[in-house]
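A.B. asks: All letters in the sequence shown, in the order written, are residues 11 to 345 by our numbering.
Positions of the beta carbon are idealized from the N, C-alpha and C atoms, including for glycine.
This one's a predicted model, so the numbers in the text were calculated from it and none came from an experiment.
There's a structure below that I have some questions on.
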Amino acid sequence: MKSFERIQPKSWEDAALRLAAAREKKISSEAKGAGTELLDRMKEYNLAPDQVVDLRRLTSHSSLQRNSSGGLSIGALVTLSTIASALKADFPALADACEGAATPQIRNAATLAGNLCQRPRCWYFRSAEFQCLKKGGVECLAKSGENEFHAVFGNNTCAIVHPSAAGVALVALNARIETLAPGGGRMLAAADFFVRPEVDIFAENALRPGELVVEIHLEKPQGLRSAYRKIKQKQSFDWPLADAAVSWRAEGGAAKDVRIVIGSSAPVPFRAKAAEALVEGKRIDAALAARAGQAALEGATPLGKNAYKLPMVAAVVRRTLLAAAGLPDGTEEPA
Ligand SMILES: Cc1cc2nc3c(=O)[nH]c(=O)nc-3n(C[C@H](O)[C@H](O)[C@H](O)COP(=O)(O)OP(=O)(O)OC[C@H]3O[C@@H](n4cnc5c(N)ncnc54)[C@H](O)[C@@H]3O)c2cc1C
Ligand code: SF4
């Protein structure tokens, strides 16, 4: 790893100013949460900043705050394990997404903002030996190469799958992401936070250089139901092959404002609009969930080695809908 200067900012505002000042002086500088992803990339020579601005010891934006209407603000520095244990009852989709990510040791350190801003796991992107489109090269090497873990939707330009499980749940829950920058912060819908490669090939989110995530806001409409499920190759820690999060409002037995979001399948958490339209306004049962799983495949463009993911996407959407409805999905342990 290249040597770097570690900056300990006094406040979030100071952190944002330090990042801006470095940019003006043409010094490369990166924000760091727990560092579980950033330091990996530095060790792999995927990234070699001159400065690291360490947010981890800041005391603000590090807790969960509930409001009187059941809504919630989650500080950028809250860990995945805190979210997993604190939000099971209110926001099970987010709690389960955080609980299933990585290993207990990583979840105890990893921050929610770091999870949302982590870079893709595409092996061509991570390896210092390859210069693909995302690193300024001329082509996506995965499309004609080793693409078994790559995107089956929206993969025309760059076929990464977005790595954040929490992001899948936050898009399903229609969360808002609050940012801070020297020129003023913004409030972004989670769905607008993540950007497609066609919008920016060099980034996976809408943050401007030096802009920081400070808080994630969730509303809890009456009757909110949500769930997250994933399918992975091995049952110990592993990245999902396919995952999904759903949410809706239960109204007179029917599902309203349905959101179905697929993960590990596209460069951004991917809304399955055809499946949402199919389920909207109906009572969810096993037959409807199975049809929604099939509808979720609309628009899929699998690559040479990843068509095996399609039945997994259908299955995980079906299972997630049934889980949110409190119905068995056939994978339960026998009593
Ligand atoms: C073996 C393994 C398995 C894993 N499996 C999963 C999985 O199944 N699902 C999943 O979702 N994740 C998984 N992960 C990834 C893990 O969840 C991330 O490494 C972790 O969430 C990153 O959080 P962090 O605080 O350490 O971020 P850091 O490593 O500190 O930062 C990551 C990125 O976010 C940026 N950043 C950090 N904080 C901010 C902020 N406040 N504002 C703007 N930018 C910021 C940094 O600059 C950096 O680019 C896995 C990791 C490993 C090693
Ligand atoms: S999927 Fe994206 S990151 Fe991977 S090789 Fe293609 S352009 Fe590069």
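On the CB-based measure, 16 or more other CB atoms within 10 Å of its CB, does residue 11 come out buried or exposed?
C.D. replies: Residue environment analysis places residue 11 among the exposed positions, since fewer than 16 neighbouring C-beta atoms fall within 10 angstroms of its C-beta.
A.B. asks: Give every residue of the same chain whose Cβ lies closer than 8 angstroms to the Cβ of residue 307, excluding the five residues on either side of it in the sequence, and list them in chain order.
C.D. replies: 320, 323, 324
A.B. asks: For residue 341, count the other beta carbons within 10 Å of its own beta carbon; 16 or more makes it buried, fewer makes it exposed. Which is it?
C.D. replies: Taking a 10 Å sphere around the C-beta of residue 341, we find fewer than 16 other C-beta atoms and assign the residue as exposed.
A.B. asks: Determine the direct distance from the alpha carbon of residue 86 to that of residue 339, and round the result to whole angstroms.
C.D. replies: 34 angstroms
A.B. asks: Just the C-alpha distance for residue 58 and residue 157, rounded to the nearest angstrom, thanks.
C.D. replies: 27 angstroms
A.B. asks: By a C-beta neighbour count over all protein chains shown, 10 Å radius and 16 as the cutoff for buried, is residue 328 buried or exposed?
C.D. replies: buried
A.B. asks: Beta carbon of residue 192, beta carbon of residue 30: below 8 angstroms?
C.D. replies: With a cutoff of 8 angstroms on beta-carbon distance, residue 192 and residue 30 are scored as near each other.
A.B. asks: What residue from 278, 181, 43, 208 has the CA that sits closest to residue 19's CA?
C.D. replies: Residue 19 has its Cα closest to that of 43, out of 278, 181, 43, 208.
A.B. asks: How would you call residue 78, buried or exposed, if buried means at least 16 neighbouring beta carbons within 10 angstroms?
C.D. replies: exposed
A.B. asks: Indicate, with yes or no, if ligand 1 has a heavy atom lying under 7 angstroms from the CB of residue 280.
C.D. replies: no
A.B. asks: Anyone know if the C-beta pair for residue 82 and residue 74 falls short of 8 angstroms?
C.D. replies: yes
A.B. asks: Closest to residue 197 by C-alpha separation, out of 206, 101, 179, 221, would be which residue?
C.D. replies: 221
A.B. asks: My output table needs one value for residue 197: the three-state DSSP class, helix, strand or coil.
C.D. replies: strand
A.B. asks: If you draw a straight line from the alpha carbon of residue 188 to that of residue 202, how long is it in whole angstroms?
C.D. replies: 12 angstroms
A.B. asks: Report all residues from its chain with a CB closer than 8 angstroms to the CB of residue 38; omit the five preceding and five following residues, and keep chain order.
C.D. replies: 32, 58, 59, 60, 61
A.B. asks: Any idea if residue 303 is buried or exposed, counting beta-carbon neighbours within 10 angstroms, 16 or more meaning buried?
C.D. replies: buried
A.B. asks: Ligand 2: which residues have Cβ under 5 angstroms from any of its heavy atoms, chain order?
C.D. replies: 132, 134, 135, 142, 143, 144, 150, 151, 152, 168, 169, 170
A.B. asks: Do the region 168-182 and the region 278-292 meet, that is, are 3 or more Cβ pairs less than 8 angstroms apart?
C.D. replies: yes
A.B. asks: In chain order, which continuous runs of the alpha helix (DSSP H) of length 4 or greater are located wholly inside the region 128-205?
C.D. replies: Taking 4 residues as the minimum length, the alpha helix (DSSP H) runs contained wholly in the region 128-205 are 133-136, 151-154, 175-182, 200-203, in order along the chain.
A.B. asks: Based on the DSSP output, what are the partners of residue 220 in its beta bridges?
C.D. replies: As DSSP reads the structure, residue 220 sits in no beta bridge.
A.B. asks: Less than 8 angstroms between C-beta atoms, sequence neighbours within five positions excluded: which residues of the same chain meet that for residue 68?
C.D. replies: 19, 21, 22, 25, 87
A.B. asks: Just to confirm, are residue 174 and residue 128 a CB contact at a threshold of 8 angstroms?
C.D. replies: yes
A.B. asks: Between the Cα of residue 244 and those of 263, 28, 51, 110, spot the shortest distance and give me the residue it belongs to.
C.D. replies: 110
A.B. asks: Starting from residue 250, follow its DSSP beta bridges and name the residues at the other end.
C.D. replies: Per DSSP, 242.
A.B. asks: Can you give the Cα-Cα distance for residue 45 and residue 115, rounded to whole angstroms?
C.D. replies: One C-alpha to the other measures close to 13 angstroms.
A.B. asks: Using the C-alpha atoms, what's the distance from residue 288 back to residue 53?
C.D. replies: 46 angstroms
A.B. asks: Please report the residue range of the beta strand (DSSP E) in which residue 354 lies.
C.D. replies: As shown, the chain starts at 11 and ends at 345. That puts residue 354 outside it, with no answer to give.
A.B. asks: To the nearest angstrom, report how far apart residue 228 and residue 297 are at their CA atoms.
C.D. replies: 31 angstroms
A.B. asks: Output the distance between the C-alpha atoms of residue 121 and residue 66, rounded to the nearest integer angstrom.
C.D. replies: Straight across, the Cα-Cα distance linking residue 121 with residue 66 is about 9 angstroms.
A.B. asks: Report the partner residues of residue 208 according to the DSSP bridge assignment.
C.D. replies: None, per the DSSP bridge assignment.
A.B. asks: Check the C-beta distance from residue 292 over to residue 265 and give it rounded, since I have them as a contact under 8 angstroms.
C.D. replies: Contact between residue 292 and residue 265 holds: CB atoms are separated by about 6 angstroms, below the 8 angstroms threshold.
A.B. asks: Less than 6 angstroms between C-beta atoms, sequence neighbours within five positions excluded: which residues of the same chain meet that for residue 238?
C.D. replies: 103, 106, 107, 179, 255
A.B. asks: Less than 7 angstroms separating the Cβ of residue 92 from some heavy atom of ligand 1?
C.D. replies: Not so, every heavy atom of ligand 1 lies at least 7 angstroms from the Cβ.
A.B. asks: Excluding the 5 residues flanking residue 152 on each side, which residues of the same chain have their C-beta closer than 7 angstroms to its C-beta?
C.D. replies: Excluding positions up to five away in sequence, the list reads 132, 134, 160, 169.
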